[in-house]
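The structure appears below as structure tokens.
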Amino acid sequence: MERTLAADLPGKVGQRVKLEGWVHAVRKFGQVNFLILRDRSGTAQTVLDPAALEKISGLQAETVVAVEGTVEPEERATNGVEVRDASLQVISPVTDVLPFEINKRVLKPSLDVFLNNAPVGLRFPAKAATFRLFSGLLHGFREYLSGNDFVEIHTPKLMGSASEGGANVFAMDYFGKPAFLAQSPQLYKQIMVGVFERVFEIGPAFRAEEHYTVRHLNEYTSLDVEMGFISGMDDVMDLLVALIQHMVTSTAERYPREAEMVGMTVPRFATVPRLTLRDAQRLILDRYGEDHTAEPDLSPQDERWLGEWASQEHDSDFVFVTHYPTAKRAWYSKPDPADPEYSLSFDLIFKGQELVSGAQRINEYEEYLRVMEARNMNPASFSGFLEAFKYGMPPEGGFAIGSERLLMRLVGADNIRETTLFPRDVNRLEP
RNA sequence: GGUCCCGUGGUGUAGUCUGGUUCAACAUGCCACCCUGUCAAGGUGGAGAUCGCCGGUUCAAAUCCGGUCGGGACCGCCA
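The first sequence runs 2 to 432 under my numbering.
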């Protein structure tokens with residue numbers, strides 16, 4: 002018999018069906034016994050007779066079973082239907098007790114215990130829902146950009162030189178030669194603007210920084226976008242807002258059940274305020290009484306304050322901060338012609354946390370040579386990158402979204418490890 | 001890299017300050033039995049922890065001290 006999914010039972014009342022899935026829970030009452038079966042679509046209640054019950058005797062939750070029975074309307078069942086007169090077949094028995102319960106309303110174990118047992122812990126319905134939403138966000142990302150003439154690319158993660166400079170790169174041996182794991186697709190996506198004008202990439206980024214925070218990973222999934230023929234940085238920021246809006250709203254529409262399950266709400270976009278770093282710092286001084294006006298960057302506390310301000314004064318969960326000091330930003334960021342001390346760069350803060358970093362880039366070959374000399378970089382190490390600019394590059398810019406951070410804020414998680422399937426941090430490399 | 005906090009049955013916690021017959025407890029899970037409507041099922045009973053590890057103080061240590069290992073939070077840094 003063909004398999005029926007749990008979610009499709011209401012449309013099959015009166016029919017004989019076969020369900021296949023995991024034993025989510027068993028509730029025994031002596032004369033009437035329920036088995037809650039879980040598959041990819043959800044859960045279904047089945048009523049087992051003594052013979053069927055006997056087959057799972059001694060077996061634990063998560064045993065994989067097939068259940069055949071008749072779909073009957075039943076007000077007392079959660080979905081309004083249940084499967085009766087069920088016969089049962091064990092497909093894959095489980096004899097070991099689970100490390101912790103995954104069929105309760107809430108998940109009990111600490112984050113560390115959960116992550117140590119992620120292969121089974123991720124089956125907890127709200128956990129699975131979280132990562133289904135992640136899939137929805139990526140789908141929305143692709144959908145929006147593809148619909149706007151962007152081309153998806155995949156660039157190498159094995160690098161012969163460190164693109165961003167700095168010491169936070171993972172070094173490795175590549176057939177006897179030194180190599181590095183890519184910190185970002187930055188240089189390649191800029192090169193590809195010369196080919197497609199508009200490109201995007203979903204891929205891993207590796208950072209060897211020993212950060213001990215709730216919002217950093219040593220490997221994360223970066224959502225990179227780069228576009229040419231821009232008239233200014235605002236074009237890039239406009240795209241970014243529209244993109245995130247589509248990602249979130251389409252995900253909420255695609256997976257309403259999951260969104261409800263984890264309490265994901267669509268953030269407020271009304272008007273995303275844009276202010277320069279210096280104006281932001283003056284605002285913090287005025288509103289919160291802390292003088293950070295000489296700092297080259299925002300502190301996490303500053304970001305929280307700005308998030309609060311945007312929420313209260315602009316009804317927005319987002320706020321752009323622009324024009325960071327040129328010396329503080331990556332070398333390919335374009336200095337503001339009106340004031341070269343500051344760059345045409347921006348960060349997008351989402352609910353008080355940095356989510357996106359972007360900029361208009363330098364697009365003139367000669368200027369790259371000047372910048373590299375000023376920063377003591379060797380142009381020979383970037384000959385491939387420079388070639389793209391030597392042979393004609395329009396004004397261009399782009400950004401990178403931290404995908405796990407987006408999900409983290411959307412579902413209200415306290416730690417980015419909760420919205421990463423198998424997180425990699427300073428002391429976690431397994432599972 | 002800096003600062004601070006926490007390690008108690010499978011899981012989550014109480015007990016630690018004020019050391020000793022409320023000191024090994026509670027909830028959940030597991031096992032057995034009861035129950036014809038549960039959906040965090042309920043009831044009765046049972047098994048399960050030398051209180052992370054090593055050392056010290058003391059008549060006596062889960063409890064105080066030191067070290068070590070593991071975990072967490074904040075800062076730096078960033079997405």
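The beta carbon of each residue, even a glycine, is placed where N, CA and C say it ideally should be.
Close-in-space but distant-in-sequence residues of the same chain around A311 (CB under 6 Å, 5 per side omitted): P274, S317 and V320
Identity of the residue in L411, M160 and F347 nearest L241 by Cα: F347
Residue nearest to V263 in terms of C-alpha spacing, selected from Y343, F135 and V412: V412
Assigned exposure category for D174 - 16 Cβ within 10 Å defines buried: exposed
DSSP bridge partner residues for M248 (one or two, in chain order): Answer is none; M248 lacks a bridge partner.
Residue range of the unbroken beta strand (DSSP E) whose run includes T277: R275 to T277
Proximity below 9 Å, CB of A339 to CB of V237: no
Same chain, Cβ closer than 8 Å to F207, neighbours up to 5 away in sequence not counted: K158, V170, F171, L182, A183, Q184, N219 and E220
Reference M160, options G385, P396 and D415, closest by Cα: G385
Beta-ladder partner(s) of S223, from DSSP: G204 and G403
Span separating the alpha-carbon of A328 from that of E21: One C-alpha to the other measures close to 59 Å.
Opposing strand residues paired with S344 [DSSP bridges]: P336
Where M2 falls: helix, strand or coil (DSSP): Assignment of M2 by DSSP, reduced to helix, strand and coil, places it in the coil class.
Distance, L408 Cα to M455 Cα: The chain is shown only over 2 to 432; residue 455 falls outside these bounds and no answer can be derived.
Alpha carbon of F35 to alpha carbon of V84, nearest angstrom: 10 Å
Runs of beta strand (DSSP E) lying entirely within the region 155–184, each at least 3 residues, in chain order: 172–175 and 178–182
Presumed contact (8 Å Cβ cut-off) between E227 and K178, rounded CB distance: The pair is not a contact, with the Cβ atoms about 28 Å apart (cut-off 8 Å).
Endpoints, the alpha helix (DSSP H) within which F142 is located: P126 to G148
Endpoints, beta strand (DSSP E) assigned at K19: R17 to K29
Cβ-based neighbour list, V215, same chain, cut-off 7 Å, excluding 5 preceding and 5 following: D415, N416 and I417
Own chain residues within Cβ distance below 6 Å of V152, not counting five before or after: These residues qualify, in order along the chain: F197 and V200.
Residue nearest to E75 in terms of C-alpha spacing, selected from P11, P94 and I231: P11
Rounded C-alpha distance that separates D287 from D150: 44 Å
Whole-angstrom distance between W23 and T44, CA atom to CA atom: 9 Å
CA-to-CA distance, A389 to I192, given in whole angstroms: 5 Å
DSSP beta-bridge partners of E355: For E355, which the question treats as bridged, DSSP gives the partners I350.
Sequence-distant residues of its chain with Cβ nearer than 8 Å to R133 (five each side left out): Close CB contacts of R133 within its chain, under the 8 Å cut and outside five residues either way in sequence, are with Y256 and E259 (chain order).
Exposure label - P341; buried when at least 16 CB within 10 Å: Here P341 is exposed. Its C-beta has fewer than 16 other C-beta atoms within 10 Å.
Under 9 Å between C-beta atoms of G353 and R279: no
N34 - DSSP class collapsed to helix/strand/coil: strand
Range of the contiguous alpha helix (DSSP H) that encloses A260: P257 to V263
Distance CB(V1)-CB(T96) smaller than 9 Å: Since the first residue of the chain shown is 2 and the last is 432, residue 1 is not available in this structure.
Straight-line Cα distance separating Q16 from E202: In a straight line, the C-alpha of E202 is about 46 Å away from that of Q16.
Per DSSP, cross-strand counterpart(s) of G70: V18
Closest Cα partner of P396 within the set Y366, E211, L307 and E374: Y366
Distance, A119 Cα to L422 Cα: Roughly 8 Å between the two C-alpha positions.
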